[in-house]
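What the sequence shown shows, in mature numbering (1 follows the signal peptide of the UniProt record, and there is no 0), is residues -22 to -1, 1 to 128, in sequence order.
Where is the CB? At the ideal position from N, CA and C, for every residue including glycine.
It should be emphasised that the depicted structure is a prediction, and the values quoted were computed from it without experimental measurement.
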Amino acid sequence: MKQFLKSALLFLVFIIPLAACSNETNELEGESFSVFTPNPTVEYSDLPENPSKNFVFKFEKNGKMKVIRYGEEYSGTYELNNKNELIMAVDDNDKNTVNFAIRSFEHHEKNENIYLGTVAKSDVPEGHALTNEFYSFSIKEPIGLQKFED
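In structure tokens form, the structure reads like this:
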């Protein structure tokens, strides 16, 4: 009986956490989102099904992402942590890096294709290819992401 309990304990301590970590995904992985500034007078159920694709966040596996602006792609990384913060770092072709974070990042209560949050960080180096897009969002300003199919 003691041997069985030891074996069961070892299984619980080592095997289960390893299994949980090996299949780690998040709800953004594999999804593409159009980025927009929320308007409090608009019902999010009334948003077009085919949003503008001029400024897009495309979330991939292993914390990789692409930001697409008018068809040009820029590589980056992202993390969606357990505090509902989305943290991103996006390089341009000259390897300048934008550091951008959204806090209180959550599904909209009435539209599952919409995420809303507040800009928490926007460090944009001068001359970055995406300067205009990221400068259009100020700290503490609301930001929205609308999911669409590629």
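Smallest Cα separation from residue i: which of the options?
i: aspartate 101; options: Ser114, Gly49 and Pro18; result: Ser114
i: threonine 15; options: Val97, Asn77, Pro103 and Tyr56; result: Val97
i: leucine 95; options: Tyr52, Phe126 and Gly122; result: Strictly speaking, residue 95 in this sequence is glycine, with leucine absent from that position. For the residues Tyr52, Phe126 and Gly122, the minimum Cα distance to glycine 95 belongs to Gly122.
i: proline 18; options: Glu119, Glu127 and Asp128; result: Glu119
i: tyrosine 48; options: Leu108, Glu127, Glu9 and Gln124; result: Leu108
i: glutamate 127; options: Ser30, Arg81 and Lys39; result: Ser30
i: serine 12; options: Val20, Glu21 and Lys36; result: Lys36
i: isoleucine 117; options: Pro103, Asn91 and Arg81; result: Arg81
i: alanine 79; options: Glu90, Val20 and Ile65; result: Ile65
i: proline 103; options: Asn91, Asn60 and Ala67; result: Ala67
Grab the span of the beta strand (DSSP E) containing residue i for me, first residue to last.
i: phenylalanine 115; result: Premise fails: phenylalanine 115 is in no beta strand (DSSP E) and is neither H nor E.
i: asparagine 71; result: Run containing asparagine 71: none; DSSP gives neither H nor E here.
i: glutamate 51; result: 50 to 58
i: threonine 19; result: Counting along the chain, threonine 19 falls outside any beta strand (DSSP E), and DSSP gives it neither H nor E.
i: aspartate 101; result: 92 to 101
i: lysine 42; result: 42 to 47
i: lysine 36; result: 33 to 37
Is the distance from the Cβ of residue i to the Cβ of residue j below 7 Å?
i: phenylalanine 83; j: asparagine 62; result: yes
i: tyrosine 56; j: valine 45; result: no
i: glutamate 9; j: lysine 88; result: no
i: glutamate 7; j: lysine 42; result: no
i: asparagine 110; j: leucine 58; result: no
If contacts are defined as beta-carbon pairs under 8 Å, then residue i and residue j qualify, I think. What distance do you get, rounded to the angstrom?
i: histidine 106; j: tyrosine 93; result: Their Cβ separation, rounded to whole angstroms, is 24 Å, which puts histidine 106 and tyrosine 93 out of contact at 8 Å.
i: lysine 99; j: asparagine 77; result: 6 Å
i: aspartate 69; j: glycine 54; result: 6 Å
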